Every structure is written in structure tokens, then in C-alpha cells.
Amino acid sequence: MKNVNSLLFNIVLFLFTTIALAQLVSTNSALNTAISNAVPGTTIILTNGTWTNTQININKTGTAAQPITIKAETAGSVFFEGNSYVKMGGSYIVFQGVTFGNPSGLSISNNVITFKSSSECSYCQLTNVKIDSYNGTAADATNTFKWVLLYGNNNEISYCSFIGKYGVGSIINDNRDTNTPDYSKIHHNYFASRTPVGAVNDLNDQDAIRIGNSATSLYDSFTEVYDNYFYDFVGEIEVISNKSCHNKYYNNTFRDYSGTLTLRHGNDCEVFDNFFIANNKLFSGGVRVMGENHKIYNNYIEGVNAKKADGSTSNAVGGINVSNGRVSSALNGYMAVKNVTITNNTFVNGDFGLRIGTNVAGDLTIAPDNLVVANNLIVSSSSTAKAIEQITSPTGTSSKYEGNIKQNGSWNINTGTTNISVTSGLLATTKTDFYRIISGSTAIDKGFGTYSFLTQDITGGSRPTSFDVGAEEFNSGGSQVPYTSADVGVKVGFHGNATLGIAERNLDKQNLILYPVPVTNNVLYVHSKTNLGTFTIIDLQGKILKEETVNDTNAKIDLSNFSNGTYIINIRGTSKTFIK
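Each residue of the sequence shown is one higher than the one before, counting from 0 in numbering that gives the first Met the number 0.
Here you go:
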């Protein structure tokens with residue numbers, strides 16, 4: 000009994016400490032007061048409804064175990080309108096659950112969300128937020144207005160939806176105005192329905208994501224951009240603009256878009272496991288390459304179209320476009336391509352598969368050096384398509400075309416004995432999620448060379464020692480497929496983190512996650528890395544209201560018989576509060 004009383008005392012003490020740090024606010028003035036008083040562990044809850052001209056400026060220091068959180072009472076029911084913005088500075092700040100829309104009197108001198116107040120923000124999170132058509136006036140369209148501007152390091156943007164951007168300015172700009180790595184993570188977001196000012200690519204700075212800038216482009220960022228979905232996106236040639244070193248871009252889906260994932264400046268980046276499905280959209284491509292030591296592999300690129308609106312063909316796009324460089328290039332120019340590996344990509348029904356040694360200006364005369372183009376699979380629906388177009392021959396003793404297979408279309412390379420042409424049978428003729436490799440395909444077990452990074456295929460399945468040509472390994476056992484609109488709000492984008500396994504990452508020592516808090520629809524989800532075992536729910540008086548044993552890492556707890564209020568759940572000696 001003594002142990003039980005001690006446990007209840009500790010739980011109630013924990014509860015009152017937590018309650019003191021959780022505040023429900025309903026006005027801008029109350030919000031500002033709560034921010035001024037915030038300490039590590041504070042959670043500021045914004046009441047459901049419309050907030051007008053809300054301007055958050057927080058510069059506080061939380062901790063990994065006790066971040067400072069500003070969140071919607073119910074995600075999707077808190078609307079920031081008028082001239083609203085958020086500036087976060089300090090460390091371990093979380094902003095979540097809010098929708099930005101219906102702008103009026105909007106000042107584009109402020110970004111919508113900036114990871115900087117009086118100081119930069121580090122270890123901060125923007126999650127489960129929607130920005131929908133939150134644009135300036137038509138007169139503002141050519142003035143730069145960014146939606147999210149990153150500063151600091153170890154920040155994360157996840158499960159957000161960015162819809163209807165119009166006007167110059169990146170949606171997410173990782174500014175990188177210093178030479179130090181920033182380790183940003185941008186994942187499970189939805190980018191949709193951007194429209195260009197004028198025609199596509201008339202103006203720069205209309206991308207979805209930019210990592211870095213020209214001045215600091217030769218320094219490491221170590222940013223990862225993954226599991227994002229880009230749909231109906233038309234701005235400029237750079238959907239993603241890489242301008243720093245040692246970044247990774249993977250598991251993203253691009254659908255019905257114009258532009259490319261562009262390695263514009265910087266070195267040592269990896270682009271892998273991405274789906275590019277352009278559906279013949281004008282001025283569309285896969286990956287555009289400049290710089291050194293990049294690895295581009297396991298990408299699926301379908302239906303790209305190098306035509307511009309005037310009917311001319313752009314030299315800047317294609318399935319994978321490898322640019323020539325400029326002699327003594329400035330940092331904002333065109334650095335030469337060196338030591339780049341392009342292997343095991345699949346190209347389907349595009350006008351250009353690979354384009355080697357392109358130029359968009361007459362002074363781009365330095366050919367790609369030590370370029371490896373290997374084990375790529377190119378299927379063309381037209382005999383006039385270019386499977387591989389070599390405009391400038393690569394230089395260097397390590398340059399080679401090896402193990403590439405094409406079906407229809409043409410190439411003007413020295414094929415040797417390992418690059419072969421077939422007339423049919425490389426991929427299925429009926430498309431499911433994408434055009435899959437089939438039994439009997441010539442591509443099976445025909446890979447050449449050894450690539451230490453090539454351990455899986457685009458679906459996440461394993462690659463054996465004798466591996467296939469193209470992005471997919473036959474019968475690899477993987478399950479990754481391109482994202483579709485059905486995944487928005489489920490796997491990616493706003494509300495996409497409402498399922499277990501991709502929850503809020505607000506973990507305690509026992510890796511215990513509760514979601515959603517406050518509870519909605521009378522259901523509390525609980526997740527742990529180990530079996531939950533027996534859990535107990537008590538009220539503030541210490542009365543046990545529910546006790547169950549769960550031999551699983553996940554639990555779905557029915558709270559329909561609970562009144563609205565605050566409760567405590569205890570699992571394996573760990574107590575956490577939640578609100579219903």
C-alpha cells in the first residue's frame with residue numbers, strides 16, 4: 000500500500016508540474032504573455048478558431064526532453080489569417096497544427112515562418128502545418144516572399160502542406176549564410192499547385208526547396224530531403240535547388256510538374272530512390288547535374304518533356320542532364336562536372352533519357368570528367384526519342400558507358416560490348432504504380448561493376464551480388480511505390496502524422512508516444528518501442544479508471560466513457576498526462 004501511495008503521489012506531483020506548463024490561450028495578448036513566461040516543457044495551446052494578424056516572436060531555450068511547444072488545440076481547426084507570421088529563435092521550439100490562409104494586408108517583408116528571432120533557432124520543429132495560398136497581392140508577385148526561411152542547425156520540417164504558392168520566393172529556403180553544417184531534415188511534406196509568374200522559368204527563385212546559396216555552396220550542409228510529394232508544381236527549372244555539399248535527396252515523388260531536381264552548386268550529394276512522373280508536362284526533367292562527386296542512382300523517371308511553350312527544345316532538361324562547365328567559373332556560375340556516378344536509373348517514355356555534356360551558354364566548354372554512366376534502363380515509346388544523347392564526350396580515364404540497356408530510341412555513344420539494345424520485354428506493358436520489371440526481362444542479373452552504395456533498389460528491396468539493370472530489382476521484396484493524392488493527409492502532408500509510427504516524436508526515456516493530445520474522436524493512440532504491458536489510467540484524485548494489458552507496441556484506447564478533463568496514464572513506471 001505504501002508503494003501504491005508513493006506512486007500516486009509521484010504521479011500527481013508530475014501531473015501538477017505538467018499542468019502548470021500547459022496553457023490554453025485564446026487571444027493574441029494572452030499568447031504573447033504565455034510566450035514571455037515560457038520555460039522548458041511549456042506547451043501553449045491555441046484555441047480552435049480564427050486568429051487574425053497573429054505575429055509570434057519567440058526566442059526561448061527548451062531542451063530535448065522538454066521542448067517549448069506552440070500548437071493548435073485541434074490540428075486543422077486553428078486558422079492564422081490577415082497579416083500573420085511566426086519567428087522562432089533559441090532552441091527546441093516546436094510549432095504545429097496551424098493553417099495559414101486568407102491573407103489580407105500581408106506584409107511580404109516578413110516570411111510566413113522564419114527559424115530566427117533575435118537569434119537563430121536550432122533543434123526546432125515545424126510540423127503538421129498548412130500554408131494555403133498565403134500570398135501577397137498581384138503587385139507583390141515579382142518581389143521575393145518566402146514561406147519558410149531556415150536558419151540555425153538540426154531543424155526539422157515535417158508533415159506540412161504547402162499549396163498554391165504564387166510570386167517570387169522559395170517555399171522552403173535553407174538560407175545557409177554560414178560555412179558550418181546545419182543538418183536540416185525536410186520530410187513527408189506536400190508541395191502542390193505552384194503557378195509561375197509569367198511562363199515557367201521566366202523568373203528565378205520560384206522553387207519548392209533551396210538548400211544553400213552560391214556564396215557558401217562549397218561548404219557542407221548534410222541536409223536530408225526525403226519522402227516528400229510534389230504535385231502540379233510549375234515555377235522554374237529548379238523544383239529543388241541544391242547549393243551546398245553532402246546533401247541527400249531520396250524517396251521523393253514528383254508528379255505532373257515542370258522543372259528538375261537541380262544540383263546547381265555544391266559537391267558530394269546523393270540523389271536516389273526518387274520517382275519522377277512528369278506525364279509529358281512541358282519543360283520537365285528528372286535530375287540536372289553540375290559539380291563533383293555526386294551519386295545518382297535508383298531513380299525512376301517517366302514521361303519527361305524537354306519542349307518549351309514556344310515549341311523549342313530546352314538544353315537544360317531531360318531525364319538526367321549532365322551539364323558542361325565554365326572555365327574559371329564563379330561560385331554562381333557553372334562548375335564543371337567531375338567524378339559523378341549515374342547508375343541503375345530507369346527512364347520510361349521521355350523524349351530524352353540521359354543528356355551528356357549539355358550547355359545553356361556558349362562559354363560552357365568544359366566536358367564532364369571521369370563520368371560513369373552505368374546500368375541504366377531506357378524504354379522509349381518513340382523511335383525518335385534519344386535514349387542517350389552525348390553532346391560533349393566525357394574526358395578522363397575513368398569515364399565510361401557500361402551495362403546500359405535501351406528499348407527503342409537512339410543513342411550516339413560508343414556502345415562497346417556491354418551496352419545493348421532490345422526491341423521489347425524490359426518492363427511490363429501495363430502500368431501499375433509504375434512500369435515494373437518483369438520475368439524474363441533482359442535487365443535481370445545484367446548489372447556491371449561494383450557499387451558499395453547499391454544495396455537496395457527503389458522499392459527498398461535488397462539487391463544481390465548479381466544485380467539487375469535499372470532502378471528496380473526483380474522480386475526484391477520491397478514495398479516503396481510513388482506517392483499519389485490518396486496519400487496526402489495519410490502518409491504525407493498536413494494531418495499525415497496522425498498514425499502510429501510517424502507521430503510527434505515527443506519521446507520520453509521509455510520512448511512512449513501519446514497521440515493526439517488533446518484527444519479527438521474519443522481515441523488515444525499509444526506507441527512504444529517495446530511491448531506496452533499493463534497500463535493504468537487515473538484521474539486527478541488518483542482513482543483508477545481503466546487498466547488493461549496489451550502485448551503489443553501499439554494500443555488504441557477507447558475513451559468514449561471518459562468525461563472531458565485531464566488524466567494520467569502510467570506504463571512501466573512512466574507517467575504522462577493527456578487531455579480529453
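Don't be surprised by glycine CBs; every beta carbon is placed ideally from N, CA and C.
Treat the numbers as computed from the prediction; the structure is a model and nothing was measured.
What are the start and end residues of the alpha helix (DSSP H) that includes L30?
Taking the sequence shown and counting its residues from 1, the one referred to as residue 30 is at position 31. From DSSP, the alpha helix (DSSP H) with L30 extends over 27-36.
Roughly how many whole angstroms lie between the Cα atoms of F190 and T113?
Within the sequence shown, numbered from 1, the residue matching residue 190 stands at position 191. Within the sequence shown, numbered from 1, the residue matching residue 113 stands at position 114. Going by the C-alpha atoms only, they are around 18 Å apart.
Within this structure, are the beta carbons of H526 and T548 separated by less than 9 Å?
For the purposes of this step, residue 526 is taken as the residue at position 527 of the sequence shown. For the purposes of this step, residue 548 is taken as the residue at position 549 of the sequence shown. No, Cβ-Cβ distance for H526 and T548 is not below 9 Å.
Top-ranked residue by Cα proximity to A63, from V38, V77, Y84, S76:
Your numbering for residue 63 matches position 64 in the sequence shown. Selected option, being the one with the closest Cα: V38.
Would you give the residue range spanned by the beta strand (DSSP E) that Q22 belongs to?
In the sequence shown, residue 22 corresponds to position 23, counting from 1. From DSSP, the beta strand (DSSP E) with Q22 extends over 21-24.
Range covered by the beta strand (DSSP E) that runs through R354
Walking along the sequence shown from the start, residue 354 turns up at place 355. From DSSP, the beta strand (DSSP E) with R354 extends over 351-357.
From what residue to what residue does the beta strand (DSSP E) around M87 run?
Locating residue 87 in the sequence shown gives position 88, counting from the first residue. Element bounds for M87: 84-90.
Are there 16 or more other CB atoms within 10 angstroms of the CB of T252, so buried, or fewer, so exposed?
As a first step, residue 252 is located in the sequence shown; it is residue number 253 there, counting from the start. It counts as buried.
T215 in three-state terms, based on DSSP:
On the sequence shown, position 216 is the one that residue 215 refers to. T215: helix per DSSP, three-state reduction.
Is it right to say N134 is buried, meaning 16 or more other beta carbons lie within 10 angstroms of its own, or is it exposed?
Numbered from 1 along the sequence shown, position 135 holds the residue referred to as residue 134. Classification for N134: buried.
What would DSSP say about S409, mapped onto helix, strand or coil?
If you number the sequence shown from 1, residue 409 lands on position 410. Three-state result, S409: strand.
According to DSSP, is A427 part of a helix, a strand, or is it coil?
Looking up residue 427 in the sequence shown gives position 428. If DSSP states are grouped into helix, strand and coil, A427 belongs with coil.
Using the C-alpha atoms, what's the distance from G100 back to A214?
Against the sequence shown, residue 214 aligns to sequence position 215. Against the sequence shown, residue 100 aligns to sequence position 101. Rounded to whole angstroms, A214 to G100 spans 34 Å at the Cα level.
How long is the line joining the alpha carbons of N82 and I107, rounded to whole angstroms?
Here the question's residue 82 lines up with position 83 in the sequence shown. Here the question's residue 107 lines up with position 108 in the sequence shown. Answer to the nearest angstrom: the Cα atoms are 9 Å apart.
Check whether L370 and N344 have beta carbons under 9 Å apart
The residue labelled residue 370 in the question sits at position 371 within the sequence shown. The residue labelled residue 344 in the question sits at position 345 within the sequence shown. For L370 and N344, no; Cβs fall outside 9 Å.
What is the residue span of the beta strand (DSSP E) that K184 lies within?
To locate residue 184, count along the sequence shown from 1; it is residue 185. 184-186 is the extent of the beta strand (DSSP E) around K184.
Check whether the Cβ atoms of L363 and N323 sit closer than 9 Å, and answer yes or no.
As a first step, residue 363 must be located in the sequence shown, where it is residue number 364. As a first step, residue 323 must be located in the sequence shown, where it is residue number 324. Yes. Within cutoff.
Use the C-beta contact count for I374: other C-beta atoms within 10 angstroms, 16 or more gives buried, fewer gives exposed.
In the sequence shown, counting from the first residue as 1, residue 374 sits at position 375. Before going further, note that residue 374 is Asn rather than Ile in the sequence given. Under this definition N374 is a buried residue.
Inter-residue spacing [alpha-carbon to alpha-carbon] between Y482 and G285:
Sequence index remark: in the sequence shown, residue 482 carries index 483 (1-based). Sequence index remark: in the sequence shown, residue 285 carries index 286 (1-based). Cα atoms of Y482 and G285: separation of roughly 16 Å, rounded to the nearest angstrom.
Do N154 and C120 count as a contact pair if the criterion is CB distance below 9 Å?
As a first step, residue 120 is located in the sequence shown; it is residue number 121 there, counting from the start. As a first step, residue 154 is located in the sequence shown; it is residue number 155 there, counting from the start. At a Cβ-Cβ threshold of 9 Å, C120 and N154 count as neighbours.
Tell me, to the nearest whole angstrom, how far the beta carbon of V111 is from that of V147; I am working on the premise that it is less than 8 Å.
For the purposes of this step, residue 111 is taken as the residue at position 112 of the sequence shown. For the purposes of this step, residue 147 is taken as the residue at position 148 of the sequence shown. The Cβ separation is near 7 Å, so the contact holds.
By Cβ distance, which residues of its chain are closer than 6 Å to T68, with the 5 residues on each side in sequence left out?
Here the question's residue 68 lines up with position 69 in the sequence shown. The residues are T42, V93.
For D486, the three-state DSSP class (helix, strand or coil):
Mapped onto the sequence shown, residue 486 falls at position 487. Reduced to three states, the DSSP call for D486 is helix.
Quick one: what's H264 bridged to in DSSP?
For the purposes of this step, residue 264 is identified with residue 265 of the sequence shown, where counting begins at 1. Its beta-bridge partners are K242.
Could you pull out every residue in the same chain whose Cβ sits closer than 6 Å to the Cβ of K247, ignoring the five residues on either side in sequence?
Within the sequence shown, residue 247 is the residue found at index 248, counting from 1. Hits under 6 Å: E223, E269.
Once you ignore the five residues that flank G439 on each side, which residues in its own chain have a CB closer than 7 Å to its CB?
Position 440 of the sequence shown, counted from the start, is the residue given in the question as residue 439. If we look at G439 and ignore the five residues flanking it on each side, its Cβ neighbours are G424.
One or two residues paired with K164 in a DSSP bridge:
Along the sequence shown, read from residue 1 onward, the residue named residue 164 stands at position 165. Per DSSP, none; premise fails for K164.
DSSP beta-bridge partners of F577
Counting from one through the sequence shown, the residue named residue 577 turns up at place 578. Per DSSP, Y566.
So the candidates are T143, L105, Y158; which of them puts its Cα closest to the Cα of Q124?
If you number the sequence shown from 1, residue 124 lands on position 125. Nearest C-alpha to Q124: Y158.
For N56 versus K86, is the C-beta distance shorter than 9 Å?
Reading the sequence shown from its first residue, position 57 is the one you call residue 56. Reading the sequence shown from its first residue, position 87 is the one you call residue 86. Yes. Within cutoff.
Beta carbon of P180, beta carbon of Y218: below 9 Å?
Against the sequence shown, residue 180 aligns to sequence position 181. Against the sequence shown, residue 218 aligns to sequence position 219. In contact: P180 and Y218 (Cβ atoms closer than 9 Å).
Within the chosen definition, does the stretch 436-453 reach the stretch 400-407 through at least 3 CB pairs nearer than 8 Å?
Yes: the two stretches touch, three or more of their Cβ pairs being nearer than 8 Å.
Check each candidate in T60, V24, N297, S328 and name the one with the smallest Cα separation from K70.
Reading the sequence shown from its first residue, position 71 is the one you call residue 70. Out of T60, V24, N297, S328, V24 has the C-alpha closest to the C-alpha of K70.
Between Y256 and D486, which are expected to be in contact by the criterion C-beta below 8 Å, what is the C-beta distance as a whole number of angstroms?
Translated into the one-based positions of the sequence shown, residue 256 becomes position 257. Translated into the one-based positions of the sequence shown, residue 486 becomes position 487. The Cβ separation is near 16 Å, so there is no contact.
Work out the CA separation of I319 and F275 for me, nearest whole Å.
In the sequence shown, residue 275 corresponds to position 276, counting from 1. In the sequence shown, residue 319 corresponds to position 320, counting from 1. Answer to the nearest angstrom: the Cα atoms are 11 Å apart.
Contacts around N47, its chain only, beta-carbon distance under 8 Å, and the 5 residues preceding and following it disregarded
By 1-based counting over the sequence shown, the position of residue 47 is 48. For N47, where only same-chain residues beyond five positions count, the Cβ hits under 8 Å are A71, E72, T73, S76, V77.
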